[in-house]
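What follows is a set of notes on a single structure, which appears directly below.
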Amino acid sequence: MMHTAVGWHVELEFQEDDQRTRAAALVRLPDGKEVRANGYASRHHTDSNQPRVGEEIAGARALNELAMKLLTKAHDEIDEASGRTSHPIAL
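In terms of the numbering used here, the sequence shown opens at residue 983 and continues consecutively.
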């Protein structure tokens, strides 16, 4: 039987204007560390103004960067604990 030991809450905040959306992602880990990432989306001048779409693109890009930073953190911790250099972890 599997038990849930921890839960993570990811926060996303957005800043927008008519042409650009910025997403900031943050996760606080049980070890006390925080991992932050950003994502951006730009609207082409011929596209209609759809803020939700900009949020989805910028948010996805921020979460993708956050995932890569978490993979790198885990990879570094594996290397530190094992005393060797392991193969990179990739998506």
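C-beta atoms are modelled at their ideal positions from N, C-alpha and C, and glycine is treated no differently.
For this session: Confirm the yes/no value for this check: CB of Gly989, any heavy atom of the ligand ADP, distance under 7 Å.
Result: What this structure holds is no ligand at all, so the ligand ADP is not there to describe.
Problem set entry | Neighbour-count burial assignment, Arg1002, 16 or more Cβ in a 10 Å radius | In the sequence shown, counting from the first residue as 1, residue 1002 sits at position 20. Exposed is the call here.
Exercise. Whole-angstrom Cβ separation of Ala1006 and Glu998, contact assumed at under 8 Å?
Worked result: On the sequence shown, residue 1006 is found 24 positions in, with the first residue counted as 1. On the sequence shown, residue 998 is found 16 positions in, with the first residue counted as 1. 12 Å between Cβ atoms; not a contact.
Exercise. What residues in its chain sit with their C-beta under 6 Å from that of Ser1068, if we drop five residues either side in the sequence?
Worked result: Against the sequence shown, residue 1068 aligns to sequence position 86. Closer than 6 Å at Cβ, skipping near neighbours: Ile1060 and Asp1061.
Exercise. How big is the Cα-Cα spacing for Asn1031 and Glu1037?
Worked result: Mapped onto the sequence shown, residue 1031 falls at position 49. Mapped onto the sequence shown, residue 1037 falls at position 55. Using only the alpha carbons, I get a separation of about 12 Å.
Exercise. Does the separation of the CB atoms of Gly989 and Gly1021 fall below 8 Å?
Worked result: Here residue 989 corresponds to residue number 7 of the sequence shown, with the count starting at 1. Here residue 1021 corresponds to residue number 39 of the sequence shown, with the count starting at 1. Between Gly989 and Gly1021, the CB-CB gap reaches or exceeds 8 Å.
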